[in-house]
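The listed protein sequences derive, respectively, from chains A and B. If you count the first sequence from 1, you need to add 80 to reach the working numbering. If you count the second sequence from 1, you need to add 230 to reach the working numbering. Note that beta-carbon positions come from the ideal geometry of N, C-alpha and C, so glycine has one too. Treat the numbers as computed from the prediction; the structure is a model and nothing was measured.
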Amino acid sequence: MAFEHAGSVAAPDEGFARAYAHEQYGRRGESAALWVVRRDAVMEVEDFVDELGRNYHRVDGYSLKAKLAEARERAGTAPSRDR
Amino acid sequence: MTQVLQPTEQGFLEYVQRGGQVEADDWMPDEYRSRLIKFIEMHGNSELMGVLPEREWILRAPTLQRKLALTAKVQDEVGHSQLIYRVVEDLGKPRAQCLDDLVSGKTKFHNVFHYPTKTWGDVGVIAWLVDAAAIISQKALLKCSYAPYARIMKKICWEESFHILHGRDVVLTMMNGTDEQRELVQEAVTRWWPPLMQFHGNPIPAEDDPVVQWRIKTQGNEEARQQFLDGYVPQIWELGLTVPDPKLRKRDDGVWEYSEPDWDELKAVVTGHGPKTAERLEFRRVSREETEWVRSVMLAEAA
């Protein structure tokens, strides 16, 4: 199961952060695991720029539907339209 | 992922109306931020003040099991207020200021928490029907444009669902008990009905409600009230209980008709003139004063 962001706590130090995280996000067995981390320890990794349109290394970068339909027509193996 | 937001009020409005989500560090119009703070803060205040009517019954609960369940419910509600004030803090208003404004009467909390509890029947009726009315609004908030608030609403709705079951269990136990117990429940329903009908607020058309326009609320007041009636009046009637409104009925088109709630009463109560407002705010003020030394010690030691 993936970790998901539950919320935040305001605490003066680590000890309180643990206690508050437990009380406010973990008292009812909501999770199998709980992490609390200082906000300034989280580093955002910036946007990925894609000027060359590198969609050859993404599964959704290939659009085969139209090409497949054409190839099947040519081979005479197109599925029957009758339902 | 940083959302692509046009930093103009119009662009932002279109964005949220399309279902766009806003995070704490996204640009937002000042008006959106201030309405959001006001709305969310009132919710936090309500969770905190809402424990007081129920807290009065912990020592008087009829069984140990009920005492434990009621204590857990009170803890949950206070926990909710902590989660909610945390969201308000990130929007720019410190918790200490929220609590000062609550206690001084500057900010509001929901009407239902300004009324007294008279019997154990009230405890059941509050957990069942008041929490039900609240959960309807809270479920609609799951789609709030402001994402940090929508996220904590998930946990809040989850916990509220056990509160409602607790309330129903208390009510059913009494309804299956003695005539005297049934009388207590009926009397509580009769007394709580007017505040329940006022709870969702007077009907405001969506176009005139900025909180709906900004997608902070995604459901109009009347829609929420209709959902409440549709879900809970049948539950009330099937127990043989009556609702003190001769006009209450469901039309063929599915719309519930009812007597016009007293909007003047609602206004008076939420502006601080409820039967228990002063007493409960005083309690908050005193407990805040008495615990000041704890906060000072905690913050000094941690510094």
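Helix, strand or coil, according to DSSP, for tyrosine 462 of chain B in the structure here? Position 232 of the second sequence, counted from the first residue, corresponds to residue 462 of chain B. Note: tyrosine 462 of chain B maps to helix in three-state DSSP.
Could you name the residues of chain A that isoleucine 394 of chain B contacts, counting a contact when the two beta carbons are closer than 8 Å? What you label residue 394 of chain B is simply residue 164 of the second sequence in a count that begins at 1. The premise fails here: isoleucine 394 of chain B is roughly 16 Å from chain A at the closest Cβ pair, so nothing lies under 8 Å.
Just checking: is the beta-carbon of serine 111 of chain A within a distance shorter than 7 Å of some beta-carbon in chain B? Walking along the first sequence from the start, residue 111 of chain A turns up at place 31. It does not: the Cβ of serine 111 of chain A has no partner Cβ on chain B nearer than 7 Å.
Provide the residue span of the alpha helix (DSSP H) that contains leucine 426 of chain B, from first to last. Position 196 of the second sequence, counted from the first residue, corresponds to residue 426 of chain B. That run of the alpha helix (DSSP H) goes 409-429.
Does any CB atom of chain B fall closer than 7 Å to the CB of glycine 87 of chain A? Mapped onto the first sequence, residue 87 of chain A falls at position 7. Yes, its Cβ sits closer than 7 Å to a Cβ of chain B.
Could you tell me which chain A residues have their CB closer than 8 Å to the CB of glycine 309 of chain B, listed as they occur along the chain? One-based indexing of the second sequence puts residue 309 of chain B at position 79. Chain A residues near glycine 309 of chain B: Glu103, Gln104 and Arg107.
On the criterion of 16 or more Cβ atoms from any shown chain inside 10 Å, does tryptophan 350 of chain B qualify as buried, or is it exposed? Within the second sequence, the letter at position 120 stands for residue 350 of chain B. With 16 or more other Cβ atoms within 10 Å, it is buried.
Report yes or no: do three or more beta-carbon pairs, one from the region 287-304 of chain B and one from the region 246-259 of chain B, lie closer than 8 Å? no
Is the CB of proline 159 of chain A under 7 Å away from at least one CB in chain B? Taking the first residue of the first sequence as position 1, residue 159 of chain A is located at position 79. Taking Cβ atoms only, chain B never reaches closer than 7 Å to proline 159 of chain A, which makes this a no.
Chain-ordered residues of the region 255-283 of chain B with a beta carbon less than 9 Å from chain A: none
Spatial neighbours of phenylalanine 458 of chain B within its chain, please: CB distance less than 6 Å, with the 5 preceding and 5 following residues excluded, ordered by chain position. What you label residue 458 of chain B is simply residue 228 of the second sequence in a count that begins at 1. The residues are Ala363 and Ile366.
Just the C-alpha distance for glycine 407 of chain B and leucine 414 of chain B, rounded to the nearest angstrom, thanks. Mapped onto the second sequence, residue 407 of chain B falls at position 177. Mapped onto the second sequence, residue 414 of chain B falls at position 184. Computed Cα separation, rounded: 11 Å.
For a contact meaning CB atoms closer than 9 Å, what does alanine 82 of chain A contact in chain B? Here residue 82 of chain A is taken as the residue at index 2 of the first sequence, counted from 1. What alanine 82 of chain A touches in chain B: nothing, since even the nearest Cβ is about 15 Å away.
Let's see if you can read the secondary structure: which residues bound the alpha helix (DSSP H) around threonine 349 of chain B? Counting from one through the second sequence, the residue named residue 349 of chain B turns up at place 119. Neither: threonine 349 of chain B is in no alpha helix (DSSP H) and is coded neither H nor E.
Rounding to the nearest angstrom, what Cα-Cα distance links threonine 232 of chain B and aspartate 127 of chain A in this structure? Residue numbering aside, residue 232 of chain B sits at position 2 when the second sequence is read from its first letter. Residue numbering aside, residue 127 of chain A sits at position 47 when the first sequence is read from its first letter. Here the model assigns threonine 232 of chain B a pLDDT of 44, short of 50, so the residue's position is not dependable, and the following value carries that caveat. Roughly 8 Å separates the two Cα atoms.
By the 10 Å Cβ neighbour count, where 16 or more other Cβ atoms means buried, how is arginine 525 of chain B classified, buried or exposed? Within the second sequence, residue 525 of chain B is the residue found at index 295, counting from 1. Exposed is the call here.
From aspartate 320 of chain B to glutamate 307 of chain B, what does the alpha carbon distance come to, in whole angstroms? Position 90 of the second sequence, counted from the start, is the residue given in the question as residue 320 of chain B. Position 77 of the second sequence, counted from the start, is the residue given in the question as residue 307 of chain B. Whole-angstrom Cα-Cα distance: 20 Å.
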